[in-house]
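Peer 1: According to this note's numbering, the sequence shown is numbered sequentially starting from -4.
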Amino acid sequence: MSTVSESAIPHEPHQPGTSPLWCAACGTDKHLVIESIQAQGPRLSQQLAVFYTCTSCGLSYSHAATVQQAGAILNRRGIQDGPRLLEFGKHYFHCGEPLREVKTSLRRFGASRTGRPRLRSSPPEALLHTKVLRCSCGFELEIPA
């Protein structure tokens, strides 16, 4: 009985500088979920920087891949257990649709005090401009603007 996956992805030809999308621990590509895709630049228009996770063992990987390799994983049905967030360049997708910007805000973050309390000074703070993105299903994501 063979434990080798039926998938042909690791054996398909790939461009120089790319590796197959594959879980080395599980020996398959059947449980992969792509988390993030970034363009590699205009000169390498067919190559992407891909971050993906194996839902079976939990290991994550990041490396260059082709548009075709990423598309083969993204177009599969039944791998993802419910809607997931996908980052593609500067865009975010949930439920297969782009998230819409619904508001922006200025968030104030304070550092927690550790050790002895400071005398005559307040804890340091940081201000961060953020934007809230929303999916039609109600999912929201707040990111730096």
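Heads up, the beta-carbon is just placed ideally off N, CA and C, and yes, glycines get one too.
Would Y56 and C18 qualify as a contact pair, given that the criterion is a beta-carbon distance under 9 Å?
Peer 2: Against a cut-off of 9 Å, the Cβ pair of C18 and Y56 comes out as a contact.
Peer 1: Do you know whose CA, among L16, K85, C52, A65, lies nearest Q41's CA?
Peer 2: For Q41, the nearest C-alpha among the options comes from A65.
Peer 1: Please classify A67: does DSSP put it in a helix, a strand, or coil?
Peer 2: Here A67 sits in helix by DSSP.
Peer 1: Measuring only the C-alpha atoms, how far is P15 from G84?
Peer 2: Going from the Cα of P15 to the Cα of G84 covers about 20 Å.
Peer 1: Could you check which residue in Q35, R79, T48, L81 has the C-alpha nearest to that of V62?
Peer 2: That would be Q35, whose Cα lies nearest to the Cα of V62.
Peer 1: Check the DSSP bridge columns for Q33 and list the partner residues they point to.
Peer 2: Beta-bridge pairing links Q33 to A44.
Peer 1: Hey, could you find the ends of the beta strand (DSSP E) S55 is sitting in?
Peer 2: Start and end: 55 to 61.
Peer 1: State the Cα-Cα distance for the pair I68 and C130, rounded to the nearest angstrom.
Peer 2: When rounded, the distance between both Cα atoms is 22 Å.
Peer 1: G105 bridges to which residues according to DSSP?
Peer 2: E120, per the DSSP bridge assignment.
Peer 1: Between the alpha carbons of S100 and I138, how many angstroms are there, rounded?
Peer 2: Using only the alpha carbons, I get a separation of about 10 Å.
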